[in-house]
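Numbering (our numbering), first residue to last: 250 to 700.
All C-beta atoms, glycine included, are put in the ideal place defined by N, C-alpha and C.
Keep in mind that this is a model prediction, so the values were computed, not measured.
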């Protein structure tokens, strides 16, 4: 039987309008159908919309599916690898074609300049040369590297057949991961911490320690679990938790926030690492990670529901503040920097944490403007109802988490793959992070699919 959602096996040369297939009338469909179509649309960004010679996903595409430039983000590539695994799991592409695509991606990654084993933030798809994100950012970006490695580890665990082909892919992924000198991103003669950037030309000029709470928790887990270049646990306890001072404990909109800044910040802070890390029953002596991500999400939702700034379009069905495209360019939206811009990614990537509220937002996004938000690869990156503005682009780093988080909600696939990896288990253990999910729930879903 042919799957009704089976994708073409090669990228389209000319994305056509046939993929803009939703209007407001679909907003009342069963949730399982909606999630299916949303995942398929968002995942197509990484399958049909990738750079054909390299397989790498473009950093940005327009809502008609065309790349805006040849820029590639390394973190977006990690999310793209996860999305490809979901495509196989949902039987939208074959295992053999997904293997070939990921092999192409890995072969490309082997050619990209690395800095003490770490990858840069941006590269050119055509030349594979580094493109600085900001001045002096011409070297390694450790957080982007960690987001890439999340995807690579999931792929290695997924392609587990004893065949020579899949065994060879696993070895090549291992080689990329083992080469990362995590410990060399601890700046000498500075307060113990991993640092975001290092450049052969500019050294530590950007001077950005990786401190919590933010999107970079997996960076410390991977650094502590490395078999070749591991950091000592004290780097985590001093650098990330600031010896416990990263805790918050204040109450925002009726919810106590365990850690982080006031009101929690943009939602991607509690989503990027947790596309791979399973926060259920994950805790240490500082915080309960499930309580943290759920509280952060509740506060973001409640801010939009209560709408203290009076923005048009906000409410129970209109919510989700994170980093996204905006009317004047890229903007980091959150309760303390609320400019009336909603990002569908923020709500849709919250399905594991606030499923009912995420479903309400999904249906509202579909109905908005009689389907105005839906484009070639899903909903536009952001929209501002009060300004009658809808983004004309997609961002890879916002496309991928939607696919990953909905899949974790539905099946726990990516959580199961990542948390079962030896370096992840080792990293969590060395950092004192306990992870105990009952056998019946191990890697399982949070959602019961219809029979």
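Between residue 508 and the set 537, 605, 614, the nearest pair of CA atoms involves 537. Between the stretch 525-545 and the stretch 460-469 there are three or more C-beta pairs closer than 8 Å, enough to call the two in contact.
Taking residue 695 as the centre and dropping the five residues before and after it, the same chain places the C-beta of 601, 658 closer than 6 Å to its C-beta, in chain order. Here residue 452 is exposed: its Cβ has fewer than 16 other Cβ atoms, across all protein chains shown, within 10 Å. For residue 364, no alpha helix (DSSP H) segment is defined, and its DSSP state is neither H nor E.
Residue burial annotation: residue 497 is buried, with at least 16 other C-beta atoms found within 10 angstroms of its C-beta. Each of 597, 328, 385 was checked against the Cα of residue 457, and the nearest Cα belongs to 385. Here the stretch 294-314 does not lie against the stretch 670-682, with fewer than 3 beta-carbon pairs under 8 Å apart. For residue 286, the uninterrupted alpha helix (DSSP H) segment begins and ends at 280-296.
As DSSP reads the structure, residue 523 sits in no beta bridge. The stretch 301-352 is shown to contain whole alpha helix (DSSP H) runs of 4 or more residues at 323-338, in chain order.
In this chain, the alpha helix (DSSP H) harbouring residue 609 covers 604-616.
Scanning 322, 423, 580, 616 for the CA closest to the CA of residue 406 turns up 423.
DSSP links residue 457 through a beta bridge to no other residue. By the criterion of a C-beta distance shorter than 8 Å, residue 603 is surrounded in its chain by 543, 546, 547, 550, once the five residues flanking it on both sides are discounted.
Nearest neighbour of residue 653 by Cα position, chosen from 403, 562, 421, 436, turns out to be 403.
Scanning the stretch 541-628 for uninterrupted alpha helix (DSSP H) segments of 4 residues or longer gives 593-597, 604-616, listed from N- to C-terminal end.
For residue 492, the CB contacts under 7 Å within the same chain, skipping 5 residues up- and downstream, are 486 in chain order. In this chain, residue 643 is not harboured by any alpha helix (DSSP H); it is covered by the beta strand (DSSP E) spanning 642-644. For residue 639, the pairing in a beta bridge is given by DSSP as 632. Of all C-beta pairs linking the stretch 574-588 to the stretch 604-616, fewer than three are shorter than 8 Å, placing the two stretches out of contact. Each of 631, 614, 663 was checked against the Cα of residue 525, and the nearest Cα belongs to 663. Around the C-beta of residue 553, 16 or more other C-beta atoms lie within 10 Å, and the residue is accordingly described as buried. By the Cβ rule, the stretch 676-684 does not count as touching the stretch 355-363, because fewer than three pairs are nearer than 8 Å. With respect to the 7 Å criterion, residue 478 and residue 415 are not classified as neighbours on the basis of their beta carbons. Between the alpha carbons of residue 632 and residue 598 lies a gap of roughly 17 Å. In the DSSP assignment, residue 678 falls within the unbroken alpha helix (DSSP H) covering 671-680. The continuous stretches of beta strand (DSSP E) do not include residue 512, and DSSP gives it neither H nor E. Residue burial annotation: residue 484 is buried, with at least 16 other C-beta atoms found within 10 angstroms of its C-beta. Contact between the stretch 557-577 and the stretch 526-533 is absent: fewer than three C-beta pairs spanning the two stretches fall below 8 Å. Between residue 321 and residue 305, the CB-CB gap stays under 7 Å.
DSSP places residue 494 in the coil class of the three-state scheme, outside both helix and strand.
Bounds of the alpha helix (DSSP H) holding residue 467 are 466-474. Membership of residue 424 in the alpha helix (DSSP H) is indicated by the continuous run 413-427.
Assignment of beta-bridge partners to residue 372 by DSSP yields 321, 379. Taking residue 561 as the centre and dropping the five residues before and after it, the same chain places the C-beta of 634, 635 closer than 6 Å to its C-beta, in chain order.
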